[in-house]
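Colleague: Residue numbers (the numbering used here): 319 to 476.
Backbone N, C-alpha and C define an ideal beta-carbon position, used for all residues, glycine too.
Just so it is clear, the structure is predicted and the values come from calculations on it, not from any experiment.
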């Protein structure tokens, strides 16, 4: 669904989650702690703000887990970035099924779910902050430019 409505952002999300594991964990941990503190601090005086904070965190988790599931599904199917653009629903379904199955393992599933929630949050934030590389400037002349000849040195000796 995300790739259907925003294909560039969807690819950035999968790329952020797959290529920047440490960044997604750090950003996810920072955002999770901030949103937990925000919700806790505003729960009594302003419950509407606390609800908005919970909804923002939930959206970050849902969007980020989509990229995480796509990456897991692509890895299971043996696909990489060079095999074509992400966009297969089978990757997403297989990835979500695998993540849910892993989270159902007693004791280990709680730790995996916590880790994946933090990574999903960080992946969503990282993909929102991702700046696309500027295209390389092209010259008006399509012919290749030959390098200038090397300077010749005077003969030695005399």
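Does residue 358 pass the burial test, meaning 16 or more other C-beta atoms within 10 Å, or should it be called exposed?
Modeller: Translated into positions along the chain shown, residue 358 becomes position 40. Residue 358 should be labelled exposed.
Colleague: When you compare only the Cα positions, how much space is there between residue 440 and residue 373?
Modeller: Stepping through the chain shown from its first residue, residue 440 is reached at position 122. Stepping through the chain shown from its first residue, residue 373 is reached at position 55. Straight-line Cα distance between these residues: approximately 16 Å.
Colleague: Give the DSSP-derived three-state secondary structure of residue 424 in the structure shown.
Modeller: The residue given as residue 424 occupies position 106 in the chain shown. Looking at residue 424 - three-state DSSP - the assignment turns out to be coil, as it is neither helix nor strand.
Colleague: Pull up the CB-CB distance for residue 390 and residue 416, whole angstroms please, since I reckon it's below 8 Å.
Modeller: Here residue 390 is taken as the residue at index 72 of the chain shown, counted from 1. Here residue 416 is taken as the residue at index 98 of the chain shown, counted from 1. With 8 Å as the limit, residue 390 and residue 416 qualify as a contact, their Cβ atoms being about 5 Å apart.
Colleague: So, at 6 Å on beta carbons, what are the nonlocal neighbours of residue 443 in its own chain, with the 5 sequence-adjacent residues on each side left out?
Modeller: Within the chain shown, the letter at position 125 stands for residue 443. The residues are 345, 349.
Colleague: Going straight from the alpha carbon of residue 371 to that of residue 353, what length do you get?
Modeller: Position 53 of the chain shown, counted from the first residue, corresponds to residue 371. Position 35 of the chain shown, counted from the first residue, corresponds to residue 353. Distance between the alpha carbons of residue 371 and residue 353 is about 6 Å.
Colleague: Please list the segments of the alpha helix (DSSP H) lying wholly inside the stretch 327 to 386, counting only runs of 4 or more residues, in order along the chain.
Modeller: Counting only runs of 4 or more, we get 339 to 360.
Colleague: For residue 438, which residues in the same chain have their Cβ closer than 6 Å to its Cβ, ignoring the five residues on either side in sequence?
Modeller: The sequence position of residue 438 within the chain shown is 120, counting from 1. For residue 438, where only same-chain residues beyond five positions count, the Cβ hits under 6 Å are 379, 382, 383, 386.
Colleague: Taking its Cβ as the centre, do 16 or more other Cβ atoms sit within 10 Å of residue 388, making it buried, or is it exposed?
Modeller: Position 70 of the chain shown, counted from the first residue, corresponds to residue 388. It is buried - the Cβ of residue 388 has at least 16 other Cβ atoms within 10 Å.
Colleague: Measure the C-alpha to C-alpha separation of residue 365 and residue 356 and round it to an integer number of angstroms.
Modeller: Translated into the one-based positions of the chain shown, residue 365 becomes position 47. Translated into the one-based positions of the chain shown, residue 356 becomes position 38. Approximately 11 Å, taken between the alpha carbons.
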